[in-house]
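*Asks:* Per full-length UniProt numbering, residue 1 is the first one in the sequence shown, and the count goes up by one each step.
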Amino acid sequence: MPRKQYTLFIFPDNEHATVDEGLPNCLQHAVFMPPHARVQRLKDEIANAIERPLLPRQDPPFNRLRRCINCACRSVSDAQTKVIYAFSIGLSPHEVAAALNISPKTIHSHKKNIMSKFNLNSRQQFNNLVQLLAKR
1 MPRKQYTLFI FPDNEHATVD EGLPNCLQHA VFMPPHARVQ RLKDEIANAI
51 ERPLLPRQDP PFNRLRRCIN CACRSVSDAQ TKVIYAFSIG LSPHEVAAAL
101 NISPKTIHSH KKNIMSKFNL NSRQQFNNLV QLLAKR
């Protein structure tokens with residue numbers, strides 16, 4: 001099935017905000033407009049987006065996911081999300097393992113991988129991340 005193509009317009013709060021680094025690969029082709037852009041510039045950008053050739057692409061799921069491999073955006077897997085949630089509600093590693101019906105060693109591995117992804121060096125930093133993500 002062909003994927004729909006789109007152009008994403010982003011209007012950052014700060015006119016001088018730079019987005020050269022740290023942008024997820026899936027947003028690399030977004031159009032960033034200053035918050036106080038003139039109407040004519042907006043019209044021109046929208047017209048350019050409409051006139052771009054929209055060739056239907058049939059990317060297999062693997063190719064769509066491959067762009068995430070070297071992405072600057074850090075993300076967690078579904079299993080890691082469950083572990084983070086379980087820790088956020090106060091479960092111990094053994095309780096998490098029992099709730100998810102997996103080994104406590106697997107919980108330890110998920111925690112270690114999460115800490116590695118986010119460059120965390122202590123349990124306190126991990127707990128701070130868990131609480132931050134729980135608020136989302």
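Beta carbons are placed, not taken as given, at the ideal position from N, Cα and C, and that holds for glycine.
#1: How many angstroms separate the CA atom of residue 78 from the CA atom of residue 85?
#2: State the DSSP-derived secondary structure class of residue 83, mapped to helix, strand or coil.
#3: Between residue 33 and the rest of its own chain, which residues show a CB-CB distance below 8 Å, the 5 nearest in sequence each way excluded?
#4: Measure how close the beta-carbons of residue 107 and residue 130 come, nearest whole angstrom, since I'm counting them as under 8 Å.
#5: Pick from 128, 124, 117, 98: whose alpha carbon is nearest that of residue 74?
#6: Among the residues of its own chain, which have a CB less than 8 Å from the CB of residue 91, if the five just before and after it don't count?
#7: Helix, strand or coil for residue 10, going by three-state DSSP, please let me know.
#8: Going by beta carbon distance, what residues of the same chain come within less than 8 Å of residue 13, once the five residues before and after it are set aside?
#9: So, at 7 Å on beta carbons, what are the nonlocal neighbours of residue 128 in its own chain, with the 5 sequence-adjacent residues on each side left out?
#10: In the DSSP assignment, the alpha helix (DSSP H) including residue 127 goes from what residue to what residue?
#11: Classify residue 114 as buried or exposed, calling it buried when 16 or more other Cβ atoms lie within 10 Å of its own Cβ.
#12: Could you give the residue range of the alpha helix (DSSP H) that holds residue 38?
#13: For residue 32, list the residues DSSP reports as bridge partners.
*Replies:* Looking at the atomic coordinates:
#1: Translated into the one-based positions of the sequence shown, residue 78 becomes position 78. Translated into the one-based positions of the sequence shown, residue 85 becomes position 85. The alpha-carbon atoms of residue 78 and residue 85 are separated by roughly 11 Å.
#2: Reading the sequence shown from its first residue, position 83 is the one you call residue 83. Annotated three-state conformation of residue 83 is helix, per DSSP.
#3: As a working note, residue 33 is residue 33 in the sequence shown. Taken in chain order, the residues that qualify are 9, 10, 11, 41, 42, 45.
#4: The count along the sequence shown starts at 1 and reaches residue 107 at position 107. The count along the sequence shown starts at 1 and reaches residue 130 at position 130. Actually they do not touch by this definition, with Cβ atoms about 13 Å apart.
#5: Here residue 74 refers to the residue found at position 74 when the sequence shown is read from its first residue. Out of 128, 124, 117, 98, 117 has the C-alpha closest to the C-alpha of residue 74.
#6: Here residue 91 corresponds to residue number 91 of the sequence shown, with the count starting at 1. Closer than 8 Å at Cβ, skipping near neighbours: 99.
#7: For the purposes of this step, residue 10 is taken as the residue at position 10 of the sequence shown. Under the three-state reduction of DSSP output, residue 10 falls in the strand class.
#8: Along the sequence shown, one-based indexing puts residue 13 at 13. Taken in chain order, the residues that qualify are 35.
#9: In the sequence shown, residue 128 corresponds to position 128, counting from 1. Taken in chain order, the list of residues that qualify is empty.
#10: Position 127 of the sequence shown, counting from 1, holds the residue named residue 127. Element bounds for residue 127: 123-134.
#11: Numbered from 1 along the sequence shown, position 114 holds the residue referred to as residue 114. It is buried - the Cβ of residue 114 has at least 16 other Cβ atoms within 10 Å.
#12: Residue mapping note: residue 38 aligns to position 38 of the sequence shown, counting from 1. Per DSSP, residue 38 belongs to no alpha helix (DSSP H) and is neither H nor E.
#13: The sequence position of residue 32 within the sequence shown is 32, counting from 1. BP columns for residue 32 point to 10.
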